[in-house]
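Those sequence lines, one after another, are chains A and B.
Here the first sequence stands for residues 83 to 333, numbered as in the working numbering.
Here the second sequence stands for residues 9 to 187, numbered as in the working numbering.
What follows is a short report on a single structure.
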Amino acid sequence: MTRGRSAVAVLLGSALLLLTGCGKPADPPPPPAGVDLSTANAADGNGLWLRSGADVTDIVSEAVRAGGPVHISGELTETVQPDPEAEPEPGRSISIDFRGTAASYVATVVAGDVRIDAVVSAEGSRVRGNAAFAREHEGRDADAVVCSDGLDPVLADFAPLLDPSDLVTALLGTGGVGASPPVGDAETIEVVTGEEGSVVGVLTVQRYGAPLPASFVAADASGEGELAFAGWGEEVDVAAAAADLACPEDG
Amino acid sequence: MSAQSASSSHASIGTEAGRARAGASSSRELGSTAAVLPEIVETPERQRPWWLHPAFIVSVVTTFLALGAALAWWIVSMITDDSVKVTNLTIGSEAGNIALHWDGPDAEYALYEVSAGGDVTDLSQLVVGTSAWVFSAVALYDDGSCFVVRPASRTEQVSLDAASLQSQNGAAACVADAR
Chain A
83 MTRGRSAVAV LLGSALLLLT GCGKPADPPP PPAGVDLSTA NAADGNGLWL
133 RSGADVTDIV SEAVRAGGPV HISGELTETV QPDPEAEPEP GRSISIDFRG
183 TAASYVATVV AGDVRIDAVV SAEGSRVRGN AAFAREHEGR DADAVVCSDG
233 LDPVLADFAP LLDPSDLVTA LLGTGGVGAS PPVGDAETIE VVTGEEGSVV
283 GVLTVQRYGA PLPASFVAAD ASGEGELAFA GWGEEVDVAA AAADLACPED
333 G
Chain B
9 MSAQSASSSH ASIGTEAGRA RAGASSSREL GSTAAVLPEI VETPERQRPW
59 WLHPAFIVSV VTTFLALGAA LAWWIVSMIT DDSVKVTNLT IGSEAGNIAL
109 HWDGPDAEYA LYEVSAGGDV TDLSQLVVGT SAWVFSAVAL YDDGSCFVVR
159 PASRTEQVSL DAASLQSQNG AAACVADAR
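Listed below in structure tokens is the structure:
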């Protein structure tokens with residue numbers, strides 16, 4: 083008897099729900115986490131300043147990856163402090179001249195007294211190092227071009243300099259990164275890396291469209307330097323550069 | 009009265025006016041034989057046609073009232089509900105950001121980003137009138153994303169399905185179409 087009654091009640095309840103046309107409204111989708119869009123104005127630019135921390139690094143790094151070929155040039159100098167009492171002095175410096183993308187590029191890297199010229203494309207890689215390079219890498223001769231079908235393993239030693247996206251990630255780090263809102267009519271916005279009060283570096287990126295870097299200036303206790311990012315999207319003639327680095331068997 | 013008295017008495021010789029009559033009954037009836045009050049006759053019941061029956065009239069009136077209410081309801085729902093409809097949704101790129109424009113009355117609209125994996129994010133804060141600009145460098149979308157615009161009053165599940173969008177008076181556009 084009671085069972086029959088409860089069954090009727092269930093039937094009535096479900097019929098009521100059906101008649102009202104809905105059970106429960108769907109949960110409203112959440113707004114994007116960690117971003118306050120209420121005061122943002124899309125006319126101000128690409129909105130990078132709305133994010134902070136590792137998100138900024140990821141967004142810039144992704145933009146660089148999608149940005150195509152680039153010409154990166156500049157020099158970073160380590161500051162070394164042999165012992166806590168001594169004055170800091172400039173240590174090794176890394177100089178880079180890189181054209182292309184992570185997959186296809188022409189690059190010259192000088193790290194300390196080691197210098198390499200590298201041409202990498204889908205066809206393979208050609209690397210020429212100087213005497214210091216030959217000392218550090220067994221089996222390499224000074225000023226001899228080494229051609230390989232795949233990626234030459236010695237190039238891994240120069241990571242992340244030879245991948246623009248990784249380079250930007252390394253420069254910015256994942257800690258205290260923040261983009262400052264655009265000021266006036268400036269075409270760029272500044273991405274500041276470093277903890278509050280101790281700025282490690284400033285990366286200037288495009289204000290409109292993809293946040294492609296324009297320059298990086300670093301100045302802190304561990305080093306100083308300046309990198310320029312130019313010629314976004316301009317194709318690099320890797321074949322011509324490869325002709326300059328002729329493989330031994332070619333000629 | 010006099011005529012009645014004349015008719016009730018028989019004319020006989022030897023009678024004169026003013027002389028008392030003998031032998032003849034002079035007693036007048038006390039009551040009047042004529043009917044003074046109208047006779048009460050039962051009037052025959054008038055047969056009313058069915059369309060004049062009160063119950064029928066009441067039912068006709070209530071029927072028209074109900075029809076009028078239904079018409080008013082329909083008009084109101086036409087004006088309030090169906091008028092908020094998103095049409096001609098276009099997606100493009102303006103100053104590096106995604107720009108969405110659509111046609112519709114001055115009303116509240118909701119904007120949702122649907123990722124390629126089906127995750128939905130509420131971007132309604134970016135809606136300005138019948139336009140919305142979506143920041144390109146805030147990781148709000150990627151190349152596989154689509155945007156859904158619909159009246160803000162809708163609470164159904166956000167979907168890119170054409171039939172659902174139509175029933176919600178909404179529209180959708182994908183980032184892939186912006187370029």
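For every residue, glycine included, the Cβ atom is placed at its ideal position computed from N, Cα and C.
Please read these numbers as outputs of a predicted model, since none were measured by experiment.
{"Item": "With A/G156 and A/E308 assumed to form a contact (beta carbons below 8 Å), what rounded beta-carbon distance in angstroms separates them?", "Value": "5 Å"}
{"Item": "Can a CB atom of chain B be found closer than 8 Å to the CB of A/N128?", "Value": "yes"}
{"Item": "Could you give the first and the last residue of the continuous beta strand (DSSP E) run that contains B/P8?", "Value": "Because chain B is modelled from 9 through 187, residue 8 of chain B falls outside the range shown and cannot be assessed."}
{"Item": "With a cut-off of 8 Å, do at least 3 Cβ pairs link the segment 129–137 of chain A to the segment 247–266 of chain A?", "Value": "yes"}
{"Item": "According to DSSP, simplified to helix, strand and coil, what is A/D381?", "Value": "Nothing about residue 381 of chain A can be read from this structure; chain A reaches only from 83 to 333."}
{"Item": "Which residue comes first and which comes last in the beta strand (DSSP E) that contains A/A292?", "Value": "Note, A/A292: premise wrong, no beta strand (DSSP E); not H, not E."}
{"Item": "Between the Cα of A/P340 and those of A/V282, A/F311, A/V320, A/R217, spot the shortest distance and give me the residue it belongs to.", "Value": "No information on residue 340 of chain A is available, as it lies outside the stretch 83 to 333 that chain A covers here."}
{"Item": "Tell me which residue opens and which closes the beta strand (DSSP E) that A/T270 is part of.", "Value": "270–277"}
{"Item": "For A/S120, would you say it is in contact with chain B, using Cβ-to-Cβ distances shorter than 8 Å as the test?", "Value": "yes"}
{"Item": "Quick check: A/V282 and A/T275, are their CB atoms within less than 8 Å of each other?", "Value": "yes"}
{"Item": "Cβ of B/G178 less than 8 Å from any chain A Cβ?", "Value": "no"}
{"Item": "Using a Cβ-Cβ cutoff of less than 6 Å, which residues in the same chain neighbour A/S177 once the five nearest sequence positions on both sides are dropped?", "Value": "E157, V192"}
{"Item": "If we call anything under 8 Å between Cβ atoms a contact, is B/A145 one with A/L130?", "Value": "yes"}
{"Item": "At which residues does the alpha helix (DSSP H) containing A/R147 begin and terminate?", "Value": "136–148"}
{"Item": "Relative to the C-alpha of A/V75, which residue among A/S143, A/A124, A/G116, A/D109 is closest?", "Value": "Chain A is shown from 83 up to 333; residue 75 of chain A falls before or after that span and cannot be answered."}
{"Item": "Roughly how many angstroms separate the alpha carbons of B/V142 and A/V152, rounded to a whole number?", "Value": "26 Å"}
{"Item": "Note down, in chain order, every chain A residue with its Cβ under 9 Å from the Cβ of B/L134.", "Value": "L119, A122, A124"}
{"Item": "From B/R60 to B/V69, what does the alpha carbon distance come to, in whole angstroms?", "Value": "For the record, residue 60 of chain B in the displayed sequence is Leu; it is not Arg. Going by the C-alpha atoms only, they are around 12 Å apart."}
{"Item": "What do you reckon, are the CB atoms on B/Y120 and B/P159 nearer than 8 Å?", "Value": "no"}
{"Item": "Using only CA atoms, which one of B/F155, B/W82, B/A124 lies nearest to B/A107?", "Value": "B/F155"}
{"Item": "For A/S336, which of helix, strand or coil comes out of DSSP?", "Value": "With chain A running from 83 to 333 in the structure shown, residue 336 of chain A is simply not present."}
{"Item": "Is the separation between the beta-carbon of B/A186 and that of B/V157 shorter than 8 Å?", "Value": "no"}
{"Item": "Is the beta carbon of B/L131 less than 8 Å from the beta carbon of B/L148?", "Value": "yes"}
{"Item": "Grab me the residues of B/Q176's own chain with a C-beta within less than 7 Å of its C-beta, minus the 5 sequence neighbours each way, in chain order.", "Value": "R158, R162, E164"}
{"Item": "Within its chain, find whatever has a CB closer than 8 Å to the CB of A/G31; leave out the 5 residues flanking it on each side and keep chain order.", "Value": "The structure shown does not extend to residue 31 of chain A, since chain A is modelled only from 83 to 333, so the question has no answer here."}
{"Item": "Find out if the Cβ-Cβ distance for the pair A/P113, B/T138 is shorter than 8 Å.", "Value": "no"}
{"Item": "By the criterion of Cβ-Cβ separation under 9 Å, what are the contact partners of B/N105 in chain A?", "Value": "A124, A125, G127, N128, G129, Y290, G291"}
{"Item": "So which residues on chain B does A/D137 lean against when the C-beta distance must stay under 8 Å?", "Value": "A147"}
{"Item": "Using the rule of at least 16 other Cβ atoms within 10 Å of the residue's Cβ for burial, across every protein chain shown, is A/P246 buried or exposed?", "Value": "buried"}
{"Item": "Evaluate A/T139 with the Cβ neighbour count: other Cβ atoms within 10 Å of its Cβ, from every protein chain shown; 16 or more gives buried, anything less gives exposed.", "Value": "buried"}
{"Item": "I need the straight-line Cα distance from A/V228 to A/A189, nearest angstrom please.", "Value": "15 Å"}
{"Item": "Buried or exposed: which applies to B/D111, given that a residue is buried once 16 or more other Cβ atoms fall within 10 Å of its Cβ?", "Value": "exposed"}
{"Item": "If you compare alpha carbons, which of A/G116, A/A148, A/G194 is closest to A/A213?", "Value": "A/G194"}
{"Item": "Nearest chain E C-beta to A/A145 closer than 8 Å, yes or no?", "Value": "In the structure shown, chain E cannot be found, because the protein chains are A and B."}
{"Item": "Just verifying my parser: in three-state terms, what is the DSSP assignment at B/S67?", "Value": "helix"}
{"Item": "With 8 Å set as the bound, which would you pick, yes or no: does the beta-carbon of B/S144 sit closer than that to a beta-carbon of chain A?", "Value": "yes"}
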